[in-house]
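Asker: Take a look at the following structure, please.
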Amino acid sequence: MLERITIFCFAASYGVALALEALQLLLGQARWRRVLALVMTTAGLFAHTVYVIYHGLPMQGGPSTLLFISWVLAIFYLVGALHHPRLAWGVFVLPVVLGLVLVAKLIIASEPSIPATPPEVWAWAWVHVALLILGSIGLCVGFVASVMYLVQSWKLKHKSPPGEGLQLLSLERLETMNRRAITLAFPLFTGGLLVGLALLIGQRDFSWFDPKVLVTGLFWLVFALLLYLRYGLHLQGRRVALWTVAAFGVMLLAYVIQYIWPSAHPSGGGP
Numbered sequence: 151m152l153e154r155i156t157i158f159c160f161a162a163s164y165g166v167a168l169a170l171e172a173l174q175l176l177l178g179q180a181r182w183r184r185v186l187a188l189v190m191t192t193a194g195l196f197a198h199t200v201y202v203i204y205h206g207l208p209m210q211g212g213p214s215t216l217l218f219i220s221w222v223l224a225i226f227y228l229v230g231a232l233h234h235p236r237l238a239w240g241v242f243v244l245p246v247v248l249g250l251v252l253v254a255k256l257i258i259a260s261e262p263s264i265p266a267t268p269p270e271v272w273a274w275a276w277v278h279v280a281l282l283i284l285g286s287i288g289l290c291v292g293f294v295a296s297v298m299y300l301v302q303s304w305k306l307k308h309k310s311p312p313g314e315g316l317q318l319l320s321l322e323r324l325e326t327m328n329r330r331a332i333t334l335a336f337p338l339f340t341g342g343l344l345v346g347l348a349l350l351i352g353q354r355d356f357s358w359f360d361p362k363v364l365v366t367g368l369f370w371l372v373f374a375l376l377l378y379l380r381y382g383l384h385l386q387g388r389r390v391a392l393w394t395v396a397a398f399g400v401m402l403l404a405y406v407i408q409y410i411w412p413s414a415h416p417s418g419g420g421p
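Each number in the working numbering comes from the position in the sequence shown (counting from 1) with 150 added on.
What follows is the structure, given as structure tokens:
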């Protein structure tokens with residue numbers, strides 16, 4: 151019975167929830183639409199949970215990692231929607247959830263075979279995967295906060311009437327959310343990449359010019375530059391938000407590059 155639950159089941163539920171959230175924005179607040187959006191998200195989250203458990207933890211590879219991250223973000227949406235019922239939470243979080251699910255679905259058919267992890271490095275491989283997943287979740291939260299910040303900044307710049315259109319957190323709270331997310335995510339990513347690099351260097355087919363190694367290195371540099379701009383040059387606001395969006399884009403590329411450009415790096419659990 152569990153094998154009958156497919157990606158389409160929870161993707162469709164999240165899609166309906168997103169449509170209901172969009173209708174809240176276009177047609178005005180209606181309690182029944184909000185309740186139905188939460189019900190659909192809960193149903194999708196249940197199916198998503200069963201799928202993740204049945205098909206294995208993120209150690210299996212890139213698609214399963216993206217599905218796990220989207221599962222955590224679905225919980226993030228549900229908690230945020232309950233905590234901030236008047237805010238347009240879903241129109242920002244649910245597209246990220248759906249996007250990750252769809253990317254995972256697109257690349258799952260081309261999932262390369264993953265060599266068995268040698269027993270002597272199994273624990274370190276799990277540390278590598280766990281750190282990258284935690285860092286990815288942090289950057290996803292920073293991305294959502296950054297997009298919200300850019301929209302809220304645009305609204306204030308164009309003097310949109312209070313109470314009309316998207317209802318969002320203040321710029322100060324969104325900037326704080328982004329700052330905390332990227333500050334926590336960077337050391338997690340760095341630790342995960344260092345562990346992964348240590349595991350890779352000993353492999354016979356390792357190359358510094360492997361596309362996944364190159365893109366992952368680029369991602370780390372973009373992320374490091376983002377932190378330098380924030381804490382070294384004390385930049386704030388729109389520019390930091392834009393750099394966070396850019397870092398998120400490069401992170402996604404690091405996850406999918408091996409399905410576009412052949413790589414000797416096993417998919418493992420992350421970049």
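Backbone N, C-alpha and C define an ideal beta-carbon position, used for all residues, glycine too. Keep in mind that this is a model prediction, so the values were computed, not measured.
Taking Y381 as the reference, which of T333, V406, A396, F339 has the closest Cα?
Answerer: T333
Asker: Tell me the rounded alpha-carbon separation between L344 and Y164.
Answerer: When rounded, the distance between both Cα atoms is 35 Å.
Asker: In its own chain, which residues sit with a C-beta less than 6 Å from the C-beta of V291, not counting the 5 before and 5 after it?
Answerer: A331
Asker: I need the straight-line Cα distance from S214 to L318, nearest angstrom please.
Answerer: 32 Å
Asker: Nearest-angstrom Cα distance between T156 and G212?
Answerer: 17 Å
Asker: If you draw a straight line from the alpha carbon of Y204 to that of V241, how long is it in whole angstroms?
Answerer: So the alpha carbons of these two residues sit roughly 29 Å apart.
Asker: By how many angstroms is the C-alpha of A335 removed from the C-alpha of W276?
Answerer: About 17 Å.
Asker: Please say whether L316 and A238 have beta carbons closer to each other than 8 Å?
Answerer: yes
Asker: Using the beta-carbon count (16 or more within 10 Å), is F339 buried or exposed?
Answerer: buried
Asker: Under the assumption that N328 contacts S296 (Cβ atoms under 8 Å), give the Cβ distance between them as a whole number of angstroms.
Answerer: Yes, they are in contact, since the Cβ atoms of N328 and S296 sit about 5 Å apart, within 8 Å.
Asker: Measuring straight from C-alpha to C-alpha, what distance separates G386 and Q179?
Answerer: This sequence places Gln at residue 386; Gly is not what is there. Taking the straight line from one Cα to the other gives about 33 Å.
Asker: Where in the segment 206 to 257 do unbroken runs of the alpha helix (DSSP H), each at least 4 residues long, occur, reported from the N-terminal end onward?
Answerer: 212 to 233
Asker: Check this for me: beta carbons of V202 and F218, under 8 Å apart or not?
Answerer: yes
Asker: Can you tell me which of the three DSSP states T156 falls into?
Answerer: coil
Asker: For Q353, count neighbouring Cβ atoms within 10 angstroms of its own Cβ and tell me buried if that reaches 16, exposed if not.
Answerer: exposed
Asker: Should R181 and L173 be called a contact, given that it needs their Cβ atoms to be closer than 8 Å?
Answerer: no
Asker: From what residue to what residue does the alpha helix (DSSP H) around W370 run?
Answerer: 361 to 377
Asker: Relative to the alpha-carbon of T298, which residue among I257, E325, Y378, T191 has its alpha-carbon at the smallest distance?
Answerer: The amino acid occupying residue 298 in the given sequence is Met; Thr does not appear at that position. Nearest option by C-alpha distance: E325.
Asker: Mapping the DSSP letters down to three states, classify A169 as helix, strand or coil.
Answerer: helix
Asker: Cβ of A161 within 8 Å of Cβ of L252?
Answerer: yes
Asker: For W358, which of helix, strand or coil comes out of DSSP?
Answerer: In the three-state reduction of the DSSP assignment, W358 falls in the coil class.
Asker: Is A295 helix, strand or coil by DSSP?
Answerer: helix
Asker: CA-CA distance, P337 and V363?
Answerer: 18 Å
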